[in-house]
Every structure is written in structure tokens, then in C-alpha cells.
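Chemist:
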Amino acid sequence: ALQDTKTMNVTIEDAGPCKKVLKFEIPKDTIESEFEKKTLEVCGTVELPGFRKGFAPRKLVEKRFGTQIKDEVKQSLVNESYQKALEEHKINPVGDPKFGDVKMESGQPLNFDVTLEVWPLFEVDNYKSLNLKRKSAVVNDEEVETALQRLSLQKAQLSMVKDGAVKHGNQVICDCKVEVENVCILEDEDVEINVFNGTVVAHTTITDLVARMEGVKSGDVCTIDVQLSNNFPKAEYRGKPAKLKLAVKEIKQLTPPPINEDFAKMIGFDSLEDLKKKVRKQVEADKKNWSDEILRNQLLDILLEQVKFDLPQDLVNYHTEQRAYKQQMDLLNRGVALEEIQKQDESIKHASADSVMRELKASLILDKVAEKEKIFVTENEVEQRISELARSYNTDTARVRKQLERQGSLSYLRNEMREGKVINLLLKEAKITDE
Numbered sequence: 012a013l014q015d016t017k018t019m020n021v022t023i024e025d026a027g028p029c030k031k032v033l034k035f036e037i038p039k040d041t042i043e044s045e046f047e048k049k050t051l052e053v054c055g056t057v058e059l060p061g062f063r064k065g066f067a068p069r070k071l072v073e074k075r076f077g078t079q080i081k082d083e084v085k086q087s088l089v090n091e092s093y094q095k096a097l098e099e100h101k102i103n104p105v106g107d108p109k110f111g112d113v114k115m116e117s118g119q120p121l122n123f124d125v126t127l128e129v130w131p132l133f134e135v136d137n138y139k140s141l142n143l144k145r146k147s148a149v150v151n152d153e154e155v156e157t158a159l160q161r162l163s164l165q166k167a168q169l170s171m172v173k174d175g176a177v178k179h180g181n182q183v184i185c186d187c188k189v190e191v192e193n194v195c196i197l198e199d200e201d202v203e204i205n206v207f208n209g210t211v212v213a214h215t216t217i218t219d220l221v222a223r224m225e226g227v228k229s230g231d232v233c234t235i236d237v238q239l240s241n242n243f244p245k246a247e248y249r250g251k252p253a254k255l256k257l258a259v260k261e262i263k264q265l266t267p268p269p270i271n272e273d274f275a276k277m278i279g280f281d282s283l284e285d286l287k288k289k290v291r292k293q294v295e296a297d298k299k300n301w302s303d304e305i306l307r308n309q310l311l312d313i314l315l316e317q318v319k320f321d322l323p324q325d326l327v328n329y330h331t332e333q334r335a336y337k338q339q340m341d342l343l344n345r346g347v348a349l350e351e352i353q354k355q356d357e358s359i360k361h362a363s364a365d366s367v368m369r370e371l372k373a374s375l376i377l378d379k380v381a382e383k384e385k386i387f388v389t390e391n392e393v394e395q396r397i398s399e400l401a402r403s404y405n406t407d408t409a410r411v412r413k414q415l416e417r418q419g420s421l422s423y424l425r426n427e428m429r430e431g432k433v434i435n436l437l438l439k440e441a442k443i444t445d446e
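In this note's numbering, each residue's number is its place in the sequence shown (first place is 1) plus 11.
(1) Can you tell me which residues form a DSSP beta bridge with Pro252?
(2) Could you name the residues of the same chain whose beta carbon sits closer than 8 Å to that of Ala167, not counting the 5 residues immediately before and after it, in chain order?
(3) What does the Cβ neighbour count give for Leu164, buried or exposed, with the cut at 16 atoms within 10 Å?
(4) Output the residue ranges of the alpha helix (DSSP H) runs that lie fully inside the region 235-322 and measure 4 residues or longer, sorted by chain position.
(5) State the start and end residues of the unbroken beta strand (DSSP E) segment that holds Val155.
(6) Are there 16 or more other CB atoms within 10 angstroms of the CB of Met115, so buried, or fewer, so exposed?
(7) Assuming Asp341 is part of the alpha helix (DSSP H), what are its boundary residues?
(8) Quick check: what's the CA-CA separation for Leu197 versus Leu220?
(9) If you count every other CB in all the chains shown that lies within 10 Å of the CB of Gln353, and 16 or more means buried, which is it?
(10) In this structure, how does DSSP classify Arg145 when only helix, strand and coil are distinguished?
(11) Quick one: is Ala12 buried, meaning 16 or more other Cβ sit within 10 Å of its Cβ, or exposed?
(12) Go ahead and label Phe46 buried or exposed: buried means 16 or more other beta carbons lie within 10 angstroms of its beta carbon, across all protein chains shown.
(13) Beta-carbon within less than 8 Å of Thr444's beta-carbon, same chain only, minus the 5 sequence neighbours each way: which residues are those?
(14) Look up Phe110 in the DSSP assignment and say whether it is helix, strand or coil.
(15) Return the CA-CA distance between Ile305 and Asn151, expressed in angstroms with no decimal places.
(16) With DSSP run on the structure shown, which of helix, strand or coil describes Cys29?
(17) Hey, is Gly209's beta-carbon within less than 8 Å of any beta-carbon in chain B?
(18) Return the chain-ordered list of same chain residues with a C-beta closer than 6 Å to the C-beta of Pro252, the five sequence neighbours on each side being excluded.
(19) Report the partner residues of Val23 according to the DSSP bridge assignment.
(20) If you follow the beta strand (DSSP E) that Asn122 is part of, which residue opens it and which one closes it?
(21) With contact counted as at least three CB pairs below 8 Å, one residue from each stretch, are the region 255-265 and the region 187-202 in contact?
(22) Can you round the beta-carbon distance between Asn208 and Thr218 to whole angstroms, since I take them to be within the 8 Å contact cut?
(23) Report back the beta-carbon spacing between Gly106 and Leu283 to the nearest angstrom; my notes put them in contact at under 8 Å.
(24) In chain order, what residues of the same chain have a beta carbon less than 6 Å from the beta carbon of Pro28, not counting five sequence neighbours either side?
(25) Return the first residue and the last residue of the beta strand (DSSP E) that Gln170 is part of.
(26) In terms of alpha-carbon separation, which member of Lys49, Ser366, Val129 lies closest to Ser87?
(27) Note down the Cα distance separating Ser398 from Glu392, rounded to an integer number of angstroms.
(28) When the Cβ atoms of the region 223-238 are set against those of the region 274-282, are three or more pairs found closer than 8 Å?
(29) Which partner residues does Cys54 have in the DSSP bridge list?
(30) What are the start and end residues of the beta strand (DSSP E) that includes Ile443?
Right under this line is the structure:
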């Protein structure tokens with residue numbers, strides 16, 4: 012599309028999904044007019060030695076401030092032309108535009124281009140009366156028993172295994188040696204090792220520790236071939252193959268207390284029956300949340316399948332990097348070795364990209380439905396939600412609001428609430444079959 016005005020010509024070209032290039036040409040007459048206007052402005056305000064304010068000769072002003080005037084004219088014309096093009100062509104950019112080189116030469120038109128990403132254009136229809144299947148949220152006795160066992164396991168204590176062998180989940184006390192080419196390079200006594208795959212021993216993650224140690228008895232030496240990690244204390248051995256020798260001295264296992272009247276009273280309940288009722292109620296609430304979440308995801312899956320559009324790639328890349336970084340930090344905080352995280356780098360980024368694209372598309376679709384159905388969130392509803400957050404964190408409303416404002420999260424909160432309203436409407440209008 013070519014738009015001719017008195018001040019500029021702009022050509023808009025598609026440069027890929029949700030990406031456009033705006034090519035500008037500002038005529039020399041417009042440049043000269045703006046230069047004249049800016050020069051007169053400076054002449055009327057500048058104060059030079061030997062001349063009263065506003066009476067300095069124009070030639071002297073141009074000689075002294077010509078470069079500055081030219082830069083201001085160039086900047087002013089570029090910004091005004093760009094903003095005018097956005098308004099005239101109803102372009103809604105995403106993120107920051109990328110300006111190409113801007114060159115302004117005397118007697119020549121000003122040419123420059125701007126590359127930017129825009130929000131996708133799409134329509135959403137047939138979003139009511141969707142066919143959904145709801146998972147059963149009925150709780151059986153077996154699920155309650157499993158929850159009681161998990162509760163009991165939280166109160167489990169370590170007890171010695173005298174004649175048995177190492178099993179998954181045991182804790183073993185070992186003397187540890189690391190050997191490279193039959194030379195001991197690290198030695199430690201009474202090391203506590205939890206027998207789970209991925210446990211870090213001697214600064215190295217053992218991904219198959221359970222298979223290596225299961226069946227080993229107290230007094231045995233377990234030898235494991237490893238590749239020393241990139242954060243091994245002695246830098247000269249990092250990344251080298253080594254033998255990890257674990258001399259097992261003690262084997263301990265978690266022994267949970269029996270689920271009886273004493274256990275119920277120990278954790279603050281009047282009786283075992285009272286404990287079972289409370290646990291059943293919690294399991295029912297958890298299972299209903301699980302069922303509701305599956306229903307919501309099913310709803311979004313149908314909408315995403317019906318409505319196809321591309322996303323701005325730079326926006327996806329930015330959110331993917333943020334998501335991947337957060338997942339990597341979570342893994343580090345959980346004790347996963349850095350080299351293991353680095354090995355998973357590509358898979359983490361791929362999973363993050365898939366997740367980000369799904370969330371962004373779903374959010375845009377729900378926003379479109381909100382516009383069509385005139386769904387919005389009032390300030391009173393926002394205040395009520397902030398009050399709920401304050402109660403859940405046992406703090407005051409003003410502090411929560413201040414924290415949200417400082418983090419720039421109020422808009423996210425409003426958007427989340429609006430999306431919740433849209434989903435509730437669509438679920439209300441849906442045809443739901445109970446499994």
C-alpha cells in the first residue's frame with residue numbers, strides 16, 4: 012500500500028508472519044520547511060556573545076548550531092512520520108521497532124525504513140456450545156489410603172537395616188574415594204548418600220545410582236564408572252573418566268509410623284476417624300481441581316485447534332528465553348548439577364517454546380472473545396482479588412497492592428481475572444458430558 016501525503020510517502024511490505032517493513036520517503040520540501048522552522052526558533056531564543064538574545068545573525072547561528080538543528084529536524088521528522096503511519100494504517104506494533112540507517116543529505120529526500128512486529132489478525136467464531144468431557148471427581152477409599160500413607164511418610168524416621176541390602180530410597184553412609192588412572196584424587200569419610208537417580212556424589216551427578224547400588228550390603232564396596240563434572244574441585248580432572256568407590260558402612264531406611272489413633276493425635280486430630288474425614292475432604296477438593304483443570308485445558312485445546320494464526324517471532328523468542336531461564340534456575344535450586352542442566356538445554360528451550368506459544372495463543376483468543384462478549388474487570392473486582400491475596404498471605408491489602416505495582420504485575424492480574432471470566436462463560440455455555 013502506498014500512502015501519499017504532503018509530508019511523506021510510506022510503503023508497507025510484509026516481511027514474514029506478523030512482521031512488516033515500513034519504507035519512508037520524506038520530500039526535500041518538507042525537510043527544508045522543517046529546517047527553516049527550527050532555525051528561526053533557535054534564532055529567536057539563542058544568546059551569542061556580542062548580540063542581544065534573539066538578534067544574532069542567522070549565518071552565525073547556522074554556523075554554530077547547524078549540525079544540532081539538522082539532527083533535531085531529522086529526529087523530529089522520523090518520529091512524527093513513524094507515529095503518523097501507525098495511526099493512518101491502524102498498525103498495532105509489538106515490542107520495539109527496529110530503525111534502519113537514517114541519512115539526511117542537503118537537497119535530497121529523507122529515506123529510512125522501520126521493521127516491526129504486529130499482533131496477528133484473526134477471528135473467533137463457534138466458541139459456544141463446545142462438546143466437553145468431564146473427568147470424574149469421585150474419590151474412592153484407595154485414594155484416601157494413598158493420601159494417608161503420604162502423610163505418614165512425612166513423619167517417617169530413619170532406622171538401621173542390619174542384614175538387608177540397599178534399596179531405592181534408602182540412605183547409606185559410605186567412605187568415598189575417587190580414582191583417576193588408579194590414583195586417588197579425592198577421599199571423604201561418612202558421606203550420607205540418598206539412593207535416588209540423579210543424586211550428586213563427589214560433585215558428580217549419578218543418573219543411574221539406584222541400579223548401581225541396589226543389592227549392595229553393608230561392608231561391600233560399590234565401584235561406579237563416572238565422568239567427573241565440570242565443577243569438580245580439582246580443575247585438572249574435570250571431565251575425565253574416573254572410578255567412584257563407595258565403601259558401605261551403614262544402610263538406613265525410612266520407616267513411617269503406623270496409621271492409627273496415636274498417629275492421628277500426634278499430628279493434631281481428635282481421632283483416626285476425624286483424620287480420615289479431613290483427608291477425604293482434601294482429596295476431594297484436589298481431585299475436583301484436577302478435573303476442572305482438565306476441562307479448562309480441553310476447552311483451550313478445541314479453541315486452539317479451531318483458530319489458526321502465527322505469532323510474532325521476536326515476542327515468542329523473548330518469552331521462551333525467560334521461561335527456559337526460570338526452569339534452569341529451578342533445576343539448580345533443586346540441586347541438579349550445572350552440566351546436567353546444560354545437557355538438557357535444547358530440550359528445555361524446545362519445551363518452553365511449545366508452552367509459550369500455547370499460552371500466548373490461548374491468551375489472544377480469550378482476549379478476542381472478551382471483546383466480542385464485552386467482558387471486563389472492574390476496579391472493585393481487582394481490589395477484592397487483592398484483598399483475597401492479602402488474606403492468603405496473612406498481610407494487609409496496601410502492602411500487596413504496593414508489591415504488585417512495584418513488580419508491574421497489576422495488568423497481569425487484571426488480564427488473568429478477565430481470562431478467568433471468559434473461561435467460566437465458555438464452560439457455562441458448553442455441552443459437558445460427565446465420564
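Just so it is clear, CB atoms sit at the ideal spot from N, CA and C, and this is done for glycine as well.
Modeler: On the basis of the data shown:
(1) Within the sequence shown, residue 252 is the residue found at index 241, counting from 1. Per DSSP, Gln238.
(2) For the purposes of this step, residue 167 is taken as residue 156 along the sequence shown, with counting starting at 1. If we look at Ala167 and ignore the five residues flanking it on each side, its Cβ neighbours are Leu265, Thr266, Pro267, Pro268.
(3) In the sequence shown, residue 164 corresponds to position 153, counting from 1. With fewer than 16 other Cβ atoms within 10 Å, it is exposed.
(4) List check, alpha helix (DSSP H) in window: 272-277, 283-317.
(5) Position 144 of the sequence shown, counting from 1, holds the residue named residue 155. First-last for Val155: 152-165, but that is the alpha helix (DSSP H), not the beta strand (DSSP E).
(6) For the purposes of this step, residue 115 is identified with residue 104 of the sequence shown, where counting begins at 1. It is buried - the Cβ of Met115 has at least 16 other Cβ atoms within 10 Å.
(7) In the sequence shown, residue 341 corresponds to position 330, counting from 1. It spans 324-344 - the alpha helix (DSSP H) in which Asp341 sits, taken as one unbroken run.
(8) Looking up residue 197 in the sequence shown gives position 186. Looking up residue 220 in the sequence shown gives position 209. Just so you know, the alpha carbons of Leu197 and Leu220 end up roughly 19 Å apart.
(9) Here residue 353 refers to the residue found at position 342 of the sequence shown. That one is exposed.
(10) Position 134 of the sequence shown holds residue 145. Look at Arg145 here: in three-state DSSP terms it is strand.
(11) Here residue 12 refers to the residue found at position 1 of the sequence shown. The predicted model places Ala12 with a pLDDT of 33, which falls under 50 and marks its position as unreliable; any figure quoted below should be read in that light. By the C-beta density criterion, Ala12 is exposed, having fewer than 16 other C-beta atoms within 10 angstroms.
(12) As a first step, residue 46 is located in the sequence shown; it is residue number 35 there, counting from the start. The Cβ neighbour count for Phe46, taken over all protein chains shown within 10 Å, is at least 16; the residue is labelled buried.
(13) In the sequence shown, the residue the question calls residue 444 occupies position 433. Exclusion of the five residues before and after Thr444 leaves Asn142, Leu143, Lys144, Arg145 as the residues of its chain whose Cβ lies within less than 8 Å of its Cβ.
(14) Locating residue 110 in the sequence shown gives position 99, counting from the first residue. In the structure shown, Phe110 sits in a strand (DSSP, three-state: E or B).
(15) By one-based count along the sequence shown, residue 305 stands at place 294. By one-based count along the sequence shown, residue 151 stands at place 140. Roughly 19 Å separates the two Cα atoms.
(16) The count along the sequence shown starts at 1 and reaches residue 29 at position 18. In this structure, Cys29 counts as coil in the three-state DSSP scheme.
(17) Absent from the structure is chain B; it holds one protein chain and no more.
(18) Taking the sequence shown and counting its residues from 1, the one referred to as residue 252 is at position 241. Excluding sequence neighbours, Pro252 sits near Gln238.
(19) Within the sequence shown, the letter at position 12 stands for residue 23. The amino acid occupying residue 23 in the given sequence is Ile; Val does not appear at that position. BP columns for Ile23 point to Leu33.
(20) Against the sequence shown, residue 122 aligns to sequence position 111. For Asn122, the enclosing beta strand (DSSP E) stretches over residues 121-129.
(21) Verdict: yes, contact present.
(22) Taking the sequence shown and counting its residues from 1, the one referred to as residue 208 is at position 197. Taking the sequence shown and counting its residues from 1, the one referred to as residue 218 is at position 207. The pair is a contact, with the Cβ atoms about 6 Å apart (cut-off 8 Å).
(23) To locate residue 106, count along the sequence shown from 1; it is residue 95. To locate residue 283, count along the sequence shown from 1; it is residue 272. Leu283 and Gly106 do not touch by the CB rule: their CB atoms are close to 59 Å apart, not below 8 Å.
(24) Mapped onto the sequence shown, residue 28 falls at position 17. Excluding five sequence positions before and after Pro28, the CB atoms of its chain that fall closer than 6 Å to its own CB belong to Asp321, given in chain order.
(25) As a position in the sequence shown, residue 170 is number 159, starting the count at 1. It should be noted that the sequence gives Ser, not Gln, for residue 170. Note, Ser170: beta strand (DSSP E), 168-171.
(26) One-based indexing of the sequence shown puts residue 87 at position 76. Of Lys49, Ser366, Val129, the smallest CA-CA separation from Ser87 is found for Lys49.
(27) Position 387 of the sequence shown, counted from the start, is the residue given in the question as residue 398. Position 381 of the sequence shown, counted from the start, is the residue given in the question as residue 392. Cα to Cα, Ser398 sits roughly 10 Å from Glu392.
(28) The way I'd put it, the region 223-238 doesn't touch the region 274-282; fewer than three beta-carbon pairs between them come closer than 8 Å.
(29) By one-based count along the sequence shown, residue 54 stands at place 43. Answer is none; Cys54 lacks a bridge partner.
(30) As a working mapping, residue 443 is identified with position 432 in the sequence shown. Residues 442-445.
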